[in-house]
Structure formats: structure tokens, C-alpha cells
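Some notes on the structure that comes next.
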């Protein structure tokens, strides 16, 4: 304890705000991107609401006006390779 009290080093006790963190901002973008891929029928309402349980961003999911979850995770969508078209096929059919 004596070593700690007599230590010449002083460190800041303040944490960096979450909104300065590149990691948190990337996670926020990824959550929205994942949800957008899951459904074309998804609507978003963006709001700034303090929630100490989640750092950065979370997706609140409402169904018919009733909160279902404060940390929505879109369903995993499996894509079969037969469903994918190459860029050359798309260009051939669209002419673009």
C-alpha cells in the first residue's frame, strides 16, 4: 500500500467517451447493416436514448407498438451459392 500511495505516476480517472471509440462506431454501423440485410420490410426510427446496459448502440425491436427486446439481433440468413449470380450475368441481363 505504501508503494501505491507514494507512486509518482498520476493517471487520468476519466474514461474516453464511447462516442469517440472507432470500435464502438464500427459496431453501431455493423448492427444496422446486418439488420438491413435481414429484411427489406424493416423500418428504422433513430433516437438518442441513454441505456447504461449497452455501450454505443442497440436496436430496440417493437412489434405492434410493444417493446419485444432492447438488443435485437436479426435472424441469420443462409445464402446458397446457387442463389448468387456473378456480376457478368447481371450485366448480361440488365445491360449495365
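In UniProt numbering, the protein residues as written are 1 to 96.
Yeah, the Cβ is synthetic: ideal placement off N, Cα and C, and Gly gets one too.
Just to confirm the assignment, what range does the beta strand (DSSP E) spanning residue i have?
i: residue 62; result: 61 to 63
i: residue 69; result: 66 to 69
For residue i, which three-state DSSP category applies?
i: residue 33; result: helix
i: residue 27; result: helix
Please classify residue i as buried or exposed, where buried requires at least 16 other C-beta atoms within 10 Å of its C-beta.
i: residue 47; result: exposed
TODO: Report yes or no: do the stretch 60 to 68 and the stretch 20 to 31 share at least 3 C-beta pairs separated by less than 8 Å?
DONE: no
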